[in-house]
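Residue numbers (the working numbering): 5 to 1076.
Laid out in structure tokens, this is it:
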């Protein structure tokens, strides 16, 4: 229904609305309320200079607190209840002198006469002060009594009708049945029903519905009776659908700033889709919102935390990660922390905490220091990768290990046997008859002895040095029971480790540095590199040894493996002792393996020396060792680095040092170990050895980003930062919550877990209101508090404060934080079921429909719109979870991002999966979603923008994906086997196509317009058969088989154009 909106009406309506919110006018009998009437005036005109911000405050006067308003100022007080003439506030605002009057003339914030009169009456009536409504815990309000119960199905309707009755308005009639069924489907599962499903539910819910009446009435004009049990049955079915979690997870992911890339310049891919799947599963299982909160903020800290609870902590790993060369990772960790504080404030508290990063909040009672106290609650977590090996990957890994063992056992048989005319063969006693295996065995044993002789100088006895102390510039170094050291916590671009060892009772001629893998490290280690470089790598730029204050130089160095990721510059252990911090040792490409470097001292150290090793790590990214161990040998043989075990080294020495020792003297196990080490190192078997090494490389299992609490004895310090700048830390702050809110429990340590539980405690006045308000907005387009992300003093007051509190109490205490129960309560109300047809009088009195006298007509979210078209086209793929997919989009969209990455569109079923599974690149969002105002994942979004632009219409007409869907539905409407069209068949096809998209029955006029449009398109395509085939998507093989005649191709193209036109209708894009 089209309704004209005249400017005069709108001005009158705004005036009426203001009177409605304020009461009945500024009459003598009206009670002036501080929260409703006075605080908005003070916030607008006074609090900027007389508020909570210490730096901006003038005259040491606060007008945002009770103490400030009643403060004594010499002979007068700011406000004296009941005495207007003696109140300095009144005297200042009423003064005619420019240098006395407040606000100052230059501020351009002068009060009008109505505002001054409100202040006067408030003081006269006793100047009662009230805390801001949102900071007071909700209490159970009385459900209002109303005289007109005709449109009231539950308590929500009573609250709404009570307000409407004050203006002589009421809730509207029930929506047309098909529109209501479509509305319910779209809201609860984000997909429309099929026409058959809609018809079936209409018959169940409205048994008396007469199908010819599109307004939902009977021929006599009466509203059709609704079967409540049948309606609730449909609600239950939709709430229990797996599509429910997919629909509502997208809402939550807006808040979680979810994306599949890191953001910033490089915006590389990240793996965090397991978190997205966790959200879907949690919502489908109706995980209570209090648990939903605790598991996302502190799931890792719960007793015996499950894998799913650890995955849930990915919520605060959705922050962006800067991988630009030369950045300070700690600076961008600080920026991630500020994002986490601001996001937590938006999602759970409904406060604009981000304002406090740089200064005390200008309006809300939250100080600069309290902001950083909140940061302290979240700041003690490390940010590891969590490995998620699936069963198939586990089996593959086991198979690889078994295959490697088999190849290892078979290595002797791969040794090349000498030919009979070779020197080795001729040396045997009976070269003409000797067996091939005997010749192979003898040749291999000869080579083994040669190898043992060569390796004897390297097979030295290494003894682990026991660390006494391990310190660093930043990472936490923990000494483990096997004498290794594990690094954890933060890393910098350039880290320095210093380890002091217990005095050794032997001479030290060389030291061995073992770089060890560990599951806690990125990609299994052995390094800590987590961005820009290869995950799990390290870059040792320099290593130094000292005894007391004396430097001990190295003579030489060697390593078992070295490879550089960047450029052609060599890397080696020797380059870690050359004094150049630009060179060093790295093991790119061989992560999750043990690597060894040996450093030979210029002069051996005498027994009893207390050795200190200093290592420096540096690159333009964090590149420190994650786990390592240092050992020493006393042999002065200048040993080279070898990776074999101590047992193998002992065997080598044992054979080499005895002139009479025979290999046959070894046990079978010792002999096998020695042979295997030799064969893996033999040049003759290098290809076989490489196959074994490849099989033993630990596979890259799926991972996700999670939080992990640091040990309580290693807390990360949090500082207040002057003006919010990373480089200006001031005093240390202790974790805590703002004083305006209830305190944390004194029995709990102030950490993430205590904070998460505090957020969803009944004492917290904000969280339940924030959540309920956000869900109300999801159904009705606008929240009870319009500013979804700001319930503070600058936010709009609630349109129905008692309803908001009643719903919050029900949500917390009656429904035990069940989101599905909240949704059932909302969709069970008549307010939700009412028609979206606008009443002219209601429009005049309430132009923004804040009182909900009719259902708000709202455009679909981008993802719901695309999914609806997939469903209507019959191509929607019912596949849940897993890595993101790439549906088709216009060429060149992603090329605008750094590195010009391509977009390889998914094929098969992945091409048509639900939109929640679409790959999200922060610097180049999926084009259709961006066009229809979907967020990029760069920031927490409580409410999407809702724009109206020509590009949206052009997308629905010209986008390649939309055309593909139009072609798909056209082929179902008009298959190649269909006989030539008739008037009746065209009408029938037009109605079927209309209903697939819009669900409701079309009017006769709508069918006639579709027929005319189709006929016009058919005429045009008939004149251009090749264009018709191209537009209809008839592929070459089909053309070659002559399945489509020119007439059929023109008809198919015409239906494609007709489908595309219906896709672009305003009603298609809207939920009515």
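Where is the CB? At the ideal position from N, CA and C, for every residue including glycine. Just so we're clear, the structure is a prediction, and the values are computed from it rather than from any experiment.
Beta-bridge annotation (DSSP): residue 591 is paired with 567. Residue pairing from DSSP leaves residue 627 without any beta-bridge partner. In the displayed model, residue 235 falls within a helix according to three-state DSSP. If you draw a straight line from the Cα of residue 333 to the Cα of residue 276, it is about 20 Å long. The residues 196 and 1003, in chain order, have a CB closer than 6 Å to that of residue 186 in the same chain once the five nearest residues on each side in sequence are set aside.
If the five residues before and after residue 835 are omitted, its C-beta is found closer than 7 Å to the C-beta atoms of 160, 161, 164, 175 and 856, all from its own chain and listed in chain order.
Within 10 angstroms of the beta-carbon of residue 313 lie 16 or more other beta-carbons, which makes it buried. Non-local C-beta neighbours of residue 189 in its own chain, meaning closer than 7 Å and more than five positions away in sequence, comprise 195, 196, 197 and 242, ordered along the chain. Sorting 556, 550, 620 and 544 by C-alpha distance to the C-alpha of residue 599 places 544 at the top.
It is roughly 12 Å from the alpha-carbon of residue 1048 to the alpha-carbon of residue 1034.
Shown here, residue 807 sits in a helix according to DSSP, grouped into three states. Just measuring C-alpha positions, the residue of 1050, 1014 and 1010 sitting nearest residue 1028 is 1050.
Here residue 129 carries a coil assignment [DSSP, helix/strand/coil]. DSSP places residue 933 within a helical segment (H, G or I) once states are collapsed to three.
Of the residues 528, 998 and 795, the one whose Cα lies closest to the Cα of residue 1014 is 998.
Put simply, of 730, 810 and 639 the residue whose alpha carbon is nearest the alpha carbon of residue 339 is 730. Beta-bridge partners assigned by DSSP to residue 468: 635.
Boundaries of the beta strand (DSSP E) harbouring residue 514: 512-519, taken from the DSSP string.
Its Cα nearest to that of residue 1075, the residue 191 stands out among 37, 101, 191 and 69.
Here DSSP, grouped into helix, strand and coil, assigns residue 284 to helix.
Shown here, residue 798 sits in coil according to DSSP, grouped into three states, outside any helix or strand. With respect to residue 840, residue 859 sits close: the two C-beta atoms are nearer than 7 Å. In the three-state reduction of the DSSP assignment, residue 997 falls in the helix class, which pools H, G and I. Nearest C-alpha to residue 547 among 583, 92, 274 and 529: 583. In the three-state reduction of the DSSP assignment, residue 338 falls in the helix class, which pools H, G and I. Pairing residue 701 with residue 411 gives a Cβ-Cβ distance that is not under 7 Å. For residue 818, the three-state secondary structure derived from DSSP is helix. The criterion of a C-beta distance shorter than 7 Å is satisfied by residue 712 and residue 386.
Rounded to the nearest whole angstrom, the C-alpha separation of residue 890 and residue 993 is 32 Å. Taking 4 residues as the minimum length, the alpha helix (DSSP H) runs contained wholly in the segment 331-376 are 333-348, in order along the chain. In the DSSP assignment, residue 733 is bridged to 725. Nearest neighbour of residue 120 by Cα position, chosen from 97, 1007, 782 and 1020, turns out to be 97.
In this structure the segment 792-801 does not touch the segment 756-768; the number of beta carbon pairs closer than 8 Å is below three. Straight-line measurement puts the Cα of residue 630 at about 10 Å from the Cα of residue 495. The Cβ-Cβ distance between residue 308 and residue 260 does not fall below 7 Å. Look at residue 738 here: in three-state DSSP terms it is coil, with no helix or strand label.
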